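The next block holds one structure in the form of structure tokens; read it before the comments.
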Ligand SMILES: Cc1cc2nc3c(=O)[nH]c(=O)nc-3n(C[C@H](O)[C@H](O)[C@H](O)COP(=O)(O)OP(=O)(O)OC[C@H]3O[C@@H](n4cnc5c(N)ncnc54)[C@H](O)[C@@H]3O)c2cc1C
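Numbering (this note's numbering), first residue to last: 2 to 299.
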């Protein structure tokens with residue numbers, strides 16, 4: 002049986018960190034262990050809100066020394082709840098949130114706890130963007146390490162196509178850089194291999210000159226799904242790279258800008274992004290005739 006963690010070991014960890022450690026008896030424990038998927042109800046022994054890479058190194062060493070299961074949490078969006086664990090130590094990167102833009106070099110370096118909304122906010126001021134996902138609250142960490150597909154993918158590639166470097170804390174507590182020149186095998190692994198190679202404290206991404214885009218969802222009745230999917234498949238094959246579509250089955254959110262009569266209705270649709278100039282985007286080549294005569298591209 003695993004040895005119980007001694008109070009003085011926990012006190013030692015707390016004293017070392019610039020961030021803070023949350024335990025089951027703390028008031029903020031239940032909030033801190035919540036993840037996006039509300040069906041996940043895991044109860045870690047400790048949640049360490051790390052403030053910097055040094056905190057992450059201390060936590061990794063602590064988990065190894067005490068033989069604790071370790072989970073790494075960035076945005077907490079993972080469907081299976083991989084960013085949290087029972088009985089172990091959670092390294093919560095949520096406080097490591099910074100995004101430094103170098104507009105000349107068209108690069109952004111971001112902390113491992115950023116969401117994509119944080120990154121977009123920082124880069125948009127310079128008329129620049131990097132491909133992320135569909136919504137802004139997803140963590141940079143999990144999405145990038147899994148590949149990353151989103152609104153700008155047809156134009157600029159996957160998120161990992163744009164990651165040029167990362168800083169990681171490895172399981173032995175060492176701190177390394179991974180890019181095309183340094184630790185290139187590790188760099189290969191973290192571009193799609195998930196979160197098992199180390200704790201990424203910082204990512205650097207290429208930026209593209211993309212400011213305001215035109216986009217939004219087009220919704221259809223569920224009974225039209227097969228027809229819409231075929232139409233979408235044929236359209237996107239030959240569409241310019243400035244057009245990105247994301248086909249979705251969804252429950253319409255009960256909020257603006259969706260019209261009230263559609264709220265909570267189950268529908269299908271495509272969420273569009275157009276990164277080109279407005280005149281061509283507004284010519285209507287993504288209009289679809291729903292009059293019952295079949296789909297057509299105008
Ligand atoms: C509403 C929603 C929308 C989504 N949209 C998209 C989308 O448009 N495109 C897309 O590609 N995916 C999308 N996803 C999937 C999403 O990318 C994955 O679920 C991803 O794992 C979430 O990352 P996270 O950091 O928020 O999650 P977390 O649960 O915090 O982490 C997920 C996994 O990555 C590991 N991890 C996270 N950060 C680090 C780090 N810094 N270092 C080491 N390991 C780390 C964790 O340990 C865990 O295994 C979406 C998910 C949801 C719930």
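For every residue, glycine included, the Cβ atom is placed at its ideal position computed from N, Cα and C. Note that the structure is predicted; figures quoted are calculated from it, not measured.
- Closest option to residue 218, judged by alpha-carbon separation, among 136, 140, 163: 136.
- Between the beta-carbon of residue 20 and that of residue 49 there is about 6 Å, and that keeps the pair under the 8 Å contact cut.
- Within the DSSP secondary-structure output, residue 50 pairs in a beta bridge with 21, 93.
- Take the alpha-carbon of residue 75 and the one of residue 197: they are about 14 Å apart.
- Excluding five sequence positions before and after residue 102, the CB atoms of its chain that fall closer than 6 Å to its own CB belong to 109, 123, 124, 127, given in chain order.
- The continuous beta strand (DSSP E) containing residue 246 extends over residues 244–252.
- Beta-bridge annotation (DSSP): residue 127 is not paired with any residue.
- Between the segment 142–158 and the segment 173–181 there are fewer than three C-beta pairs closer than 8 Å, too few to call the two in contact.
- Just measuring C-alpha positions, the residue of 29, 66, 80 sitting nearest residue 41 is 80.
- Counting every other CB atom within 10 Å of its CB across the protein chains shown gives residue 34 a total of 16 or more, marking it as buried.
- Leaving aside the five residues that flank residue 165 on each side, the residues in its chain whose CB is nearer than 8 Å to its CB run, in chain order, 108, 180, 181, 205, 206, 207.
- Pairing residue 130 with residue 10, the inter-Cα distance amounts to about 44 Å.
- When distances are taken from the beta-carbon of residue 101 to the heavy atoms of ligand 1, even the shortest one reaches 8 Å or more.
- Contact between residue 120 and residue 100 holds, with the beta-carbon distance rounding to 5 Å and staying under 8 Å.
- A check of alpha carbon separations from residue 98 across 39, 28, 115 identifies 115 as the nearest.
- Inclusion of residue 74 in the 8 Å shell around ligand 1 follows from its C-beta lying nearer than that to a non-hydrogen atom of the ligand.
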